[in-house]
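Engineer:
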Amino acid sequence: MECPAEIVVPVRAESVKVARDWVEAVLGTWGQDAYVAKVVVSELVTNVLQHTRSATTTVRVVQADKGTVVEVFDSSNVLPVAGAANLLSEGGRGLAMLDVLAKEWGTQPLGGGGKAVWALLPESTS
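Numbering-wise (full-length UniProt numbering), the sequence shown opens with residue 1 and increments by one.
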């Protein structure tokens, strides 16, 4: 089982790509396909950017008993809520995408404040 890997990035638009590229590199060294992980990380880091006032966000990838888990941490206590998107809206589909892409996903308030949003990825190999 691989050790957890994590990166801390500032909450800026360019950090979405940094986190996406980082997760691809980590999973590549673990011999896993990163396509779904890249989409999940992009969505979760974008949510931090758009919906919190966090200065930084931490992205962690963990090998768990059930599979690979991606976690994104921020300083906001507000838990994400799935929105209803209409055909013309640019947003509101991210959590619905998680429902489709991840085997499971959820949120966890952190004891010292903030939260983690996690997604259990489907099994795949490269």
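Beta carbons: idealized from backbone N, C-alpha and C, even for Gly.
Under the three-state reduction of DSSP, which class applies to T52: helix, strand or coil?
Structural biologist: T52: coil per DSSP, three-state reduction.
Engineer: From K115 to Q108, what distance separates their C-alpha atoms?
Structural biologist: Rounded to the nearest angstrom, the two C-alpha atoms are 6 Å apart.
Engineer: List in chain order: all unbroken alpha helix (DSSP H) runs of 4+ residues lying wholly within the stretch 12–56.
Structural biologist: Listed in chain order, the complete alpha helix (DSSP H) runs (minimum 4 residues) inside the stretch 12–56 are 14–29 and 35–51.
Engineer: Leaving aside the five residues before and after V18 along the sequence, list all residues of the same chain whose C-beta is less than 8 Å from its C-beta, in chain order.
Structural biologist: The answer, listed in chain order, is I7 and V9.
Engineer: Might you give, ordered along the chain, the residues of its own chain that have their beta carbon closer than 8 Å to the beta carbon of L79, omitting 5 neighbours on each side?
Structural biologist: If we look at L79 and ignore the five residues flanking it on each side, its Cβ neighbours are T107, P109 and K115.
Engineer: Which value, in whole angstroms, describes the spacing of the CA atoms of M11 and D65?
Structural biologist: The question names Met, yet the displayed sequence has Val at residue 11. Straight-line Cα distance between these residues: approximately 30 Å.
Engineer: Can you have a look at E14 and say buried or exposed, based on whether 16 or more other CB atoms are within 10 angstroms of its CB?
Structural biologist: Counting Cβ neighbours within 10 Å, E14 comes out exposed, since fewer than 16 surround it.
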